[in-house]
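S.K.:
Number of protein chains: 2
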Amino acid sequence: MAGKVAARRAALRENLILIAERTISEKGLSALRARDLASEAGCAVGAIYNVFGDLTDLVLAVNARTFHRLGADVAAALAEAPQDPSEQLVIMAQAYHRFAAENHLSWRALFDVERAPGEAAPDWYLQEMGQLFAYIANPLQVIFPDRDAHELELLTRALFSSIHGIVLLGLDEASAGVPTDEIERMIALVLRQITSS
Amino acid sequence: MAGKVAARRAALRENLILIAERTISEKGLSALRARDLASEAGCAVGAIYNVFGDLTDLVLAVNARTFHRLGADVAAALAEAPQDPSEQLVIMAQAYHRFAAENHLSWRALFDVERAPGEAAPDWYLQEMGQLFAYIANPLQVIFPDRDAHELELLTRALFSSIHGIVLLGLDEASAGVPTDEIERMIALVLRQITSS
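Structure representation (structure tokens):
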């Protein structure tokens, strides 16, 4: 009996994640409502909270999948990139931009989820982020062999944040109808300047 | 009579902006609700929509004031800066960071307000943004005298977006308890690299 209950619970969990994933990707994080989720999943609103502590937990489960897809895209781009470290950074940044453009609302949800003040990001988030940062740190280490580990770590975070900012504001403008085929040029411009040692 | 009605309307408008400004700065954009606003302003919910088309219009009125304060802070920092163009960029970026840190939720609201797809930013926003960009473009022109106008414009936007990304992700980490006294170092690191011609 316990096995059946656990299986039903797992099935509902998976189903809620899929429904929330589609809602977020089509309408954005702010469109997510417990009532609508329950109605689409064919369960009571209370059943959602038996499976997830609150809607934020559900969003985090969706975000874990989004982040994983993002990481896979960046890794795939890197696998095809030439050995040149600057070129590797540009190719990864372009993959990041492409993923963000093609999965705009899901990508926004990665960063827009509200955490209670003082609450740290979940472990899986830190791990995925750490993996992304390692991809960036490797070519930086080749470009700047003389910088110490701490400075390289700062530069890695600064570079990721810079590309993130360019993509974020660029896609905001794109959604407002401003042409942004120049996002790629801005990325290349900044990376070229940053990596010219 | 028409004068009295107009004056009452103007007073309600001003009052709603002040209430919304405080709500956003203390609790964030997502805490803004017409019912609460009406109750605090002592008016009917419908009266809000006589003055503002919708809540987004009210948020934009608050954002106009926030953006204006931000611009004034950056201008004040620039007025005290030395003639060195790289130094001017660092000082403006630090002023941007300081403003964002001290007015975190109001600053977030500048970028988090939802626009209908395809809807352009309002004119005042483009003007304030244009003014900020002019502050950045001037020292860049001194640093890169040989770049053409279009490339300088791209570099200006890229540089602003980069600093924005560093401040945004840095403050997110700070609100999650991660120590981020290193935001200033990341800003300096990126600017130093970008402006080394």
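Taken in order, these protein sequences are the chains called L and A.
Just so we're aligned: the first sequence equals residues 1 to 197 in our numbering.
Just so we're aligned: the second sequence equals residues 1001 to 1197 in our numbering.
Backbone N, C-alpha and C fix where the C-beta goes; we use that ideal spot for every residue, glycine too.
1) Look at the Cβ atom of Phe-160 (chain L), then the Cβ atom of Leu-110 (chain L), and state whether they are nearer than 8 Å.
2) May I ask you to verify whether the segment 97-116 of chain L touches the segment 67-87 of chain L, counting CB pairs closer than 8 Å and requiring at least 3?
3) Which residue from A:Val-1167, A:Leu-1060, A:Ala-1034 puts its Cα closest to that of Val-1113 (chain A)?
4) Measuring straight from C-alpha to C-alpha, what distance separates Ile-91 (chain L) and Tyr-135 (chain L)?
5) Mind listing the chain L neighbours of Glu-1182 (chain A)? Cutoff is C-beta to C-beta under 7 Å, in chain order.
6) Report yes or no: do three or more beta-carbon pairs, one from the segment 1154-1170 of chain A and one from the segment 152-166 of chain L, lie closer than 8 Å?
7) Are the beta-carbon atoms of Leu-16 (chain L) and Leu-37 (chain L) separated by less than 8 Å?
8) Any beta carbon from chain A within less than 8 Å of Ala-11 (chain L)'s own beta carbon?
9) Would you mind working out which of A:Glu-1182, A:Ile-1194, A:Ala-1188 sits nearest Ile-187 (chain L), comparing C-alpha positions?
10) Asp-132 (chain L) and Gly-71 (chain L): beta carbons closer than 8 Å?
11) By how many angstroms is the C-alpha of Leu-1152 (chain A) removed from the C-alpha of Asp-1084 (chain A)?
12) To the nearest angstrom, how far is the alpha carbon of Pro-1145 (chain A) from that of Gln-1094 (chain A)?
13) Which of helix, strand or coil does DSSP assign to Gln-141 (chain L)?
14) Identify the contact partners of His-164 (chain L) in chain A, using a Cβ-Cβ distance below 7 Å as the criterion.
15) Rank L:Ala-174, L:Thr-56, L:Ser-30 by C-alpha distance to the C-alpha of Ala-1120 (chain A) and give the top, closest one.
16) If you run the structure through DSSP and keep just helix, strand and coil, what is Arg-1115 (chain A)?
17) With distance defined between alpha-carbon atoms, name the residue in A:Leu-1140, A:Asn-1063, A:Ile-1183 nearest to Leu-1126 (chain A).
M.R.: According to the structure data:
1) no
2) yes
3) A:Leu-1060
4) 11 Å
5) Leu-154
6) yes
7) yes
8) no
9) A:Ile-1194
10) In the sequence as presented, Asp is not what sits at residue 132 (chain L); that position holds Leu. Cβ distance < 8 Å, so Leu-132 (chain L) and Gly-71 (chain L) count as in contact.
11) 18 Å
12) 24 Å
13) helix
14) Gly-1165, Leu-1169
15) L:Ala-174
16) coil
17) A:Asn-1063
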